[in-house]
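Take a look at the structure set out below.
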Amino acid sequence: MYWSQFPLRETLITGSIAGIIWIIYTLLSFRKGLPVRVLAFRSGLLAISLLSLCLLIWKPQYPIRQTAGEALLLTENMTEIPDSIPVFALDKVETSAKVRKLHDIAALARNFPEIGQLYVAGYGLEPEQFQHLKHLQVSFIEKNQPTGFQWLAYDHHIEEGEKLQVSGTFKPISKDTIKLWLETAEGIQDSVLLTASNQHFILQARPQLTGNFIGTIRIKQNRTIRNEPLPYTVASKKPLRVLILQDFPAFEINYLKSWLARQKHQVQVRTRISQEKFNNQLLNLATPQTSIFQTLEKADLLITDEGSLKQLSVTERNQLKKAINQGLGLLLLPEESWLQKKEVLGHRIPINFSEIKQFQPLENSSAGMTEKLPATFAKNSYVVPIIQSYKQEVITAFVPEGKGRIGVQLATATFPWLLNGEDKSYNDFWTEVLQAVSRRKEKKEIQLVNLPLLWQQNLSKITVADSSQTMNIRYSSGTTQVIYPKNELPDLSVASYAFRPTVSGWADFYSGGDSSQTEKLYILPSEAWKDLKQAEWWRKNQLYEKKSVPASKQTFTTFRDIPLLWFMLLFLVSAGGLWWHERVA
Numbered sequence: 000m001y002w003s004q005f006p007l008r009e010t011l012i013t014g015s016i017a018g019i020i021w022i023i024y025t026l027l028s029f030r031k032g033l034p035v036r037v038l039a040f041r042s043g044l045l046a047i048s049l050l051s052l053c054l055l056i057w058k059p060q061y062p063i064r065q066t067a068g069e070a071l072l073l074t075e076n077m078t079e080i081p082d083s084i085p086v087f088a089l090d091k092v093e094t095s096a097k098v099r100k101l102h103d104i105a106a107l108a109r110n111f112p113e114i115g116q117l118y119v120a121g122y123g124l125e126p127e128q129f130q131h132l133k134h135l136q137v138s139f140i141e142k143n144q145p146t147g148f149q150w151l152a153y154d155h156h157i158e159e160g161e162k163l164q165v166s167g168t169f170k171p172i173s174k175d176t177i178k179l180w181l182e183t184a185e186g187i188q189d190s191v192l193l194t195a196s197n198q199h200f201i202l203q204a205r206p207q208l209t210g211n212f213i214g215t216i217r218i219k220q221n222r223t224i225r226n227e228p229l230p231y232t233v234a235s236k237k238p239l240r241v242l243i244l245q246d247f248p249a250f251e252i253n254y255l256k257s258w259l260a261r262q263k264h265q266v267q268v269r270t271r272i273s274q275e276k277f278n279n280q281l282l283n284l285a286t287p288q289t290s291i292f293q294t295l296e297k298a299d300l301l302i303t304d305e306g307s308l309k310q311l312s313v314t315e316r317n318q319l320k321k322a323i324n325q326g327l328g329l330l331l332l333p334e335e336s337w338l339q340k341k342e343v344l345g346h347r348i349p350i351n352f353s354e355i356k357q358f359q360p361l362e363n364s365s366a367g368m369t370e371k372l373p374a375t376f377a378k379n380s381y382v383v384p385i386i387q388s389y390k391q392e393v394i395t396a397f398v399p400e401g402k403g404r405i406g407v408q409l410a411t412a413t414f415p416w417l418l419n420g421e422d423k424s425y426n427d428f429w430t431e432v433l434q435a436v437s438r439r440k441e442k443k444e445i446q447l448v449n450l451p452l453l454w455q456q457n458l459s460k461i462t463v464a465d466s467s468q469t470m471n472i473r474y475s476s477g478t479t480q481v482i483y484p485k486n487e488l489p490d491l492s493v494a495s496y497a498f499r500p501t502v503s504g505w506a507d508f509y510s511g512g513d514s515s516q517t518e519k520l521y522i523l524p525s526e527a528w529k530d531l532k533q534a535e536w537w538r539k540n541q542l543y544e545k546k547s548v549p550a551s552k553q554t555f556t557t558f559r560d561i562p563l564l565w566f567m568l569l570f571l572v573s574a575g576g577l578w579w580h581e582r583v584a
């Protein structure tokens, strides 16, 4: 750090002027023929006088090495304020008059370099603020995890008939039972009770209306009820291209192909009639296909029984494996003999041999399986459940294979549901299976940002796969806001944008002036999901504390001003001495 508060350029200029004055005075005195001793004495007095005058202008400092001090920073939900150390708070925190306010966290390092240990009380700091505290050892006083929502996950964008599943954890304030409701545009769809020992929840719904909606998570805790917004988009269902292979006509596949056709899916069925003859049937397809294996690349799902899979030629099996690796979904409806080998295209599937006489796969349905199931899938990290009971018995599952999935369904007689009038159970069951096993489709994600409060320093951020220079946000009111990239991401094909939204609700954002290709953005109100944000901050604050600078390194160099009175006295003595000596001489 430079030793003077005076700018370096001005310091050099004033020093040069003083030096020139000293040289001129010395030369003039030398021409007068003064004795060397007198000349040296007067030149010395002038040099001291000029130097002390310059020091008065420069305001010099001297460095000292000292141990860093401590300070307390108050954040939201702050605790008791001590008197023993300096206390700071950001502008947004309401506190007593003895607390020094900081406009932003960077001011702490900028204006108070003597602080080396910072204690943070309350919920903590936003993760973006950590970059200003790299030189400090930071300790967070609040060690108890905040109450309320700890994490939340759901698919913002679904298709008509698909499941909207909201999962998360909620930490209650007390031991009282907490009730959560999921409400969509079609009303209350699901609810769950939580206790202090059971904090995980799953809420489900199957929205049928298409469009952009704002659902609600309703929380009843003690006598208090509050609502949190849950934005989601339901797109129109896109028909699937389904291929079916069956070794012989069966009721299960006959009912299934009819249901698929009623759901507007495109279906191609190949049924073996004899050893070398097949019957091909097209549903919702106008163009006849010569071979089902010529359409694997365009298909989303292949449903087959075990006999058809066994009789595939080597070429057909290789074609099928290649298509699955590229994204095709395969669903096997096996016979009971398959349970002995438990293998599909080289994949061994773990099985539990425990007979199930009555199986209810859907919690909100009275339908149960009419057949006895001799086994269920064993759970491991390799097998992903699709259909399971409230007792966690899995009868439909898949294993990943490349970009595709290989599914197996042990329940091979679901058609009795239709015969018994359980159409909804049948629809929900097969919609769930198709969604899980079919070719993965790219979904547009809704980006969620919080409307900032007036005091909030950090802007809202969105990230898009677009290298355009500008983006436009069009609010529901019709107003448009232009935003610019921050250029902080290493991937040039992805851009990060920071902006300050003006109103909450649905909005569209698009690149440049092309408003034909828009993506959805939902701006949450400022106070929405506040406990969820606080829980995330708390976790990141605790993690940052472990990485902060060790206390043993907390020493620093600071500079203190030299009292200007000494320079003033020195100037008066030297200038007065020079004047007196010239008068006497």
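If you use numbering that gives the first Met the number 0, the sequence shown corresponds to residues 0 to 584, in order.
No residue lacks a Cβ here, since even glycine has one placed at the ideal position from N, Cα and C.
Proximity winner among the options, relative to residue i (alpha-carbon distances)
i: Y122; options: G210, Q541 and W537; result: W537
i: L11; options: Y425, D103 and L54; result: L54
i: N221; options: S42, K178, N419 and R99; result: K178
i: R217; options: S235, L193 and K539; result: L193
i: D630; options: N278, Q144 and Q387; result: Given that the chain is displayed from residue 0 to residue 584, the structure contains no residue 630 and the question cannot be resolved.
i: T270; options: A260, A285, K263 and N253; result: N253
i: I114; options: A120, V86, Q128 and E127; result: V86
i: W565; options: V165, I16, G210 and I56; result: I56
i: T395; options: E431, Y425 and L417; result: E431
i: L239; options: Q262, V481 and L229; result: Q262
i: V98; options: A70, N351 and K133; result: A70
i: L135; options: L577, S547, A106 and D560; result: S547
i: M657; options: Y24, K58 and P171; result: Because residue 657 is not part of the residues shown, which for the chain are 0 to 584, the question remains open.
i: W150; options: L101, F200, E9 and T375; result: F200
i: A260; options: K237, I272, P248 and F277; result: K237
i: L49; options: H580, L569 and E581; result: L569
i: K170; options: G345, L107 and L531; result: L531
Start-to-end residues for the beta strand (DSSP E) that takes in residue i
i: E9; result: Per DSSP, E9 belongs to no beta strand (DSSP E); it is in the alpha helix (DSSP H), L7 to R30.
i: N279; result: F277 to L282
i: F414; result: Segment: none, F414 is in no beta strand (DSSP E) and carries neither H nor E.
i: N226; result: T223 to A234
i: I601; result: No statement about residue 601 is possible, as the shown extent of the chain runs from 0 to 584 and does not include it.
i: E518; result: E518 to L523
As assigned by DSSP and simplified to three states, the class of residue i
i: N540; result: helix
i: L569; result: helix
i: K239; result: According to the sequence provided, residue 239 is Leu. The question's Lys does not apply to it. Note: L239 maps to coil in three-state DSSP.
i: T183; result: strand
i: T194; result: coil
i: Y474; result: strand
i: T479; result: strand
i: N449; result: strand
i: P62; result: strand
i: G576; result: helix
i: R208; result: Correcting the residue type first, residue 208 is Leu in the shown sequence and not Arg. Correct three-state label for L208: coil.
i: L531; result: helix
Boundaries (first-last residue) of the alpha helix (DSSP H) holding residue i
i: V432; result: D422 to V436
i: E315; result: V313 to N324
i: E400; result: E400 -> not in any alpha helix (DSSP H); beta strand (DSSP E) instead, spanning V393 to E400.
Residue j beta carbon less than 7 Å from that of residue i
i: T168; j: G214; result: no
i: A412; j: E251; result: yes
i: K219; j: G326; result: no
i: E161; j: Q408; result: no
i: L163; j: P206; result: yes
i: L633; j: Q274; result: An answer regarding residue 633 cannot be provided, because it is not within the stretch 0 to 584 covered by the chain.
i: E544; j: F129; result: no
i: E334; j: E305; result: yes
i: F498; j: I522; result: no
i: P384; j: V398; result: no
i: N283; j: Q265; result: yes
Cutoff 7 Å: residue i Cβ touching any chain D Cβ
i: H346; result: Absent from the structure: chain D. Only one protein chain is present.
Exposure label - residue i; buried when at least 16 CB within 10 Å
i: R347; result: exposed
i: N540; result: buried
i: T422; result: The question names Thr, yet the displayed sequence has Asp at residue 422. Burial call: exposed.
i: W337; result: buried
i: F148; result: buried
i: V35; result: exposed
i: S594; result: The question about residue 594 has no answer, for the chain in this structure spans 0 to 584.
i: E362; result: Unreliable placement is indicated for E362, whose pLDDT of 49 sits below 50; the coordinate value is still reported in the next sentence. Burial call: exposed.
i: D189; result: buried
i: S15; result: exposed
i: T286; result: exposed
Check: residue i C-beta below 6 Å from any heavy atom of the ligand SAH
i: T501; result: By its list of ligands, the structure shown contains no ligand whatsoever, and the ligand SAH lies outside what it can speak to.
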